[in-house]
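Asker: Quick note on our numbering: the sequence shown kicks off at 4 and runs consecutively.
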Amino acid sequence: MTISTTLTPVYDISALRHNEFPLSETVTYLNHAGISPLPQRSKRTTQAAIESMAHNASKFFGAEGIPMLERFHHELKTYINAEHAGDICPVQSNSLAFNLIANAIDWHPGDNIIFCDVEFPANTYPWMALERQGVTCKVVPAQQGTLTVEALDAVVDQHTRLVAVSSLQFFTGGRANLTALGAYCRERGILFSVDAIQSIGHMPIDVQAMNIDILACGGQKSLMALTGIGFLYVRPDLAEQMHPALVAANSVEGWEHWLKYDMTLRQGALRFMTGTFNVPGIFAVVSSLALINELGVTNIDTHTTALASHFMDELDKRGHEIVTPRNPDLHGPIVTFRAAETSEATDQIVKYLAEHDIPTVKHLDAQGQAFLRLSLHCYNNKQDSERFFDIFSSAVQPL
């Protein structure tokens, strides 16, 4: 990746802040890995959808809701380079998506699943719950903040059925080499599952080129959409081998013939439909994705990675322990560092920053040590960095 040294993206960031993120005039928002603010266009389309549902919900659902769902499928298909629009299914959350998948695979006693020790629970608990079926989970130490081919190769065996990884780790900010991991898994017939919630709005993902079999993404983080909406991708030939444990009214062929009671599952990921979809959420996803496409995801990646590197340079000068890998090829828009000696002191810093309209978050490592996490997006700039360090310096002085 070519990292900018000017911290000025190729798109007009001043116009972006003014038109889509006016909160940036008063709020230095640094918690996009927790929950992102909506762009103004997504706010407008969501509000319009809710207003229409309040007025004539039936007419709106048929005339605009269903067509927007079709657009949701098609635009996400193009964005991640899926083969078919039906390879995409709306889901409420990553936790639900991975539970749907985990309970649809025909596991055998002795099968094992591999992930690293810095994964978010949404990408571990659904797999760990399979241990009651005789499946083993191998948790390997992260290298460079994430799972690497080297760490994977050290523990993989003939019983490995699935490898799970986040494309961008929520705690360390480590960027996984999806191309290398996907190739490794495909060569060995191992399923490759990716949690893309922290990266989908920041970096390009090509499910075919990267040999990704399963991908899930909630809407409220890097996609800058609403909570309670996201999407699940399943490789089409793999989906046909899966038998969902949860079957909804719209999971089957001819589902609108309500009293036919035909359990023939729909093709592709559509067999994982879970009932009526989140209508305002679909509108928000499509609107936010349009903004990401206008800016260019590669341009966003270059800018936010460079800005994160700038934050780390400033933290280095202040002597803070940084968890995030320093190599720009190995991180993205997340910076995690040790802000204080104790968890209580870190809480005070987070509180002080919030009182000055700088949202951040505290995270604990596996040993319970407290760290402060900053997470950026397309509209953050160098001035945000300057304001953060100005307020942060005041926060840490009395601690």
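Glycine included, each C-beta is placed from N, C-alpha and C at the ideal position. Small disclaimer: the values here were computed from a predicted structure and weren't measured.
Once you ignore the five residues that flank Q1 on each side, which residues in its own chain have a CB closer than 8 Å to its CB?
Answerer: A question about residue 1 goes unanswered here, because the residues of the chain that appear run from 4 up to 402.
Asker: Under three-state DSSP, which class holds D387?
Answerer: DSSP places D387 in helix when its eight states are reduced to three.
Asker: Closer than 8 Å, CB to CB, is E67 near chain C or not?
Answerer: In the displayed structure, chain C is absent; only one protein chain is listed.
Asker: Where are the beta strand (DSSP E) runs, 3 residues long or more, that stay fully inside the stretch 133-175, in chain order?
Answerer: Qualifying beta strand (DSSP E) stretches, in chain order: 139-143, 163-169.
Asker: Can you tell me the Cα-Cα spacing of K354 and P362, whole angstroms?
Answerer: When rounded, the distance between both Cα atoms is 9 Å.
Asker: Quickly, what does DSSP pair S202 with across the bridge? List them, please.
Answerer: Paired residues: none, contrary to the question.
Asker: Taking Cβ positions, are I285 and L171 nearer each other than 8 Å?
Answerer: Contact flag unset, no.
Asker: If you scan the stretch 329-359 from start to end, which runs of the beta strand (DSSP E) of 3 or more residues do you find wholly inside it?
Answerer: Within the stretch 329-359, the complete beta strand (DSSP E) runs of at least 3 residues are 337-340.
Asker: Among residues of its own chain, excluding the 5 on either side of W110, which ones have a beta-carbon nearer than 8 Å to its beta-carbon?
Answerer: Hits under 8 Å: L133, Q136, G137, V138, R164.
Asker: So for L402, helix, strand or coil by DSSP?
Answerer: The pLDDT assigned to L402 is 39, lower than 50, so where the model puts this residue is not dependable, and the model offers no usable value.
Asker: Between D332, T127, A373, V364, which lies nearest to G148 when the distance is taken from Cα to Cα?
Answerer: G148 has its Cα closest to that of D332, out of D332, T127, A373, V364.
Asker: List, from N- to C-terminal side, the alpha helix (DSSP H) runs of 4 residues or more that fit wholly inside the stretch 298-333.
Answerer: Whole alpha helix (DSSP H) segments, 4+ residues: 300-320.
Asker: Kindly list the residues whose CB is nearer than 6 Å to the CB of A100, restricted to its own chain and excluding five residues on each side of it in sequence; keep chain order.
Answerer: Same-chain partners within the cutoff: V94, A219, L235.
Asker: Comparing alpha-carbon positions, which option in W130, K320, Q372 lies nearest F174?
Answerer: It is Q372 whose Cα lies nearest to the Cα of F174.
Asker: Which of helix, strand or coil does DSSP assign to N102?
Answerer: Three-state DSSP puts N102 in a helix.
Asker: Could you tell me how far apart the beta carbons of F195 and E317 are, in whole angstroms, since I believe they sit closer than 8 Å?
Answerer: Going by Cβ atoms, the distance from F195 to E317 rounds to 36 Å, so no, they are not a contact pair.
Asker: Thinking S96 and G221 are a contact (beta carbons under 8 Å), I'd like their distance in whole angstroms, please.
Answerer: Confirmed, about 5 Å.
Asker: So, using beta-carbon positions, are Y187 and V152 closer together than 8 Å?
Answerer: In this structure, V152 lies closer than 8 Å to Y187 by Cβ.
Asker: Would you call the CB atoms of C92 and I116 closer than 8 Å?
Answerer: Not in contact: C92 and I116 (Cβ atoms no closer than 8 Å).
Asker: Would you call the stretch 269-279 and the stretch 242-258 touching, i.e. three or more CB-CB distances under 8 Å?
Answerer: As far as the Cβ criterion goes, the stretch 269-279 touches the stretch 242-258, which means the pair count is three or higher.
Asker: Decide if P401 is buried, meaning its Cβ has at least 16 other Cβ atoms within 10 Å, or exposed.
Answerer: Its pLDDT being 46, under 50, P401 is placed unreliably in this model, and the value from its coordinates should be taken loosely. Exposed is the call here.
Asker: Using alpha carbons as the reference points, say which of V289, Q244, E54, A293 lies closest to R269.
Answerer: Nearest option by C-alpha distance: Q244.
Asker: To the nearest angstrom, how far is it from the Cα of Y128 to the Cα of E122?
Answerer: In a straight line, the C-alpha of Y128 is about 10 Å away from that of E122.
Asker: Count the other C-beta atoms from every protein chain shown that fall within 10 angstroms of the C-beta of W261, then say buried if there are 16 or more, exposed otherwise.
Answerer: By the 10 Å Cβ count, W261 comes out exposed.
Asker: Does DSSP put N84 in a helix, a strand or coil?
Answerer: Reduced to three states, the DSSP call for N84 is coil.
Asker: Please classify M71 as buried or exposed, where buried requires at least 16 neighbouring CB atoms within 10 angstroms.
Answerer: When all chains shown are included, M71 counts as buried.
Asker: Where do the ends of the beta strand (DSSP E) carrying A219 lie?
Answerer: 217-221 is the span of the beta strand (DSSP E), which, as asked, contains A219.
Asker: Specify the secondary structure class of I285 as computed by DSSP and reduced to three states.
Answerer: Correct three-state label for I285: helix.
Asker: Taking the DSSP output, what are the residues bridged to P93?
Answerer: Answer by DSSP bridge pairing, in chain order: F234.
Asker: What's the gap between the Cα of Q146 and the Cα of A212?
Answerer: If I take the Cα positions, the gap works out to 24 Å.
Asker: Within 10 Å of its beta-carbon, does L292 have 16 or more other beta-carbons around it, so buried, or fewer, so exposed?
Answerer: When all chains shown are included, L292 counts as buried.
Asker: Does the stretch 226-235 come within contact of the stretch 189-207, defined as at least 3 CB pairs closer than 8 Å?
Answerer: With a cut-off of 8 Å, the stretch 189-207 and the stretch 226-235 count as touching, because enough Cβ pairs lie within range.
Asker: To the nearest angstrom, how far is the alpha carbon of S396 from that of I352?
Answerer: Distance between the alpha carbons of S396 and I352 is about 10 Å.
Asker: Counting only the same chain and skipping the five closest in sequence on each side, list residues whose C-beta sits under 6 Å from that of A437.
Answerer: In the structure as shown, the chain starts at 4 and stops at 402, and residue 437 therefore has no counterpart that could be examined.
Asker: Please check the pair A179 and L226, which I expect to be a contact at CB under 8 Å, by giving their CB distance rounded to whole angstroms.
Answerer: No, A179 and L226 are not in contact; Cβ-Cβ is about 18 Å, not under 8 Å.
Asker: Per the DSSP calculation, A373 is bridged to which residue(s)?
Answerer: In DSSP, A373 forms a bridge with L367.
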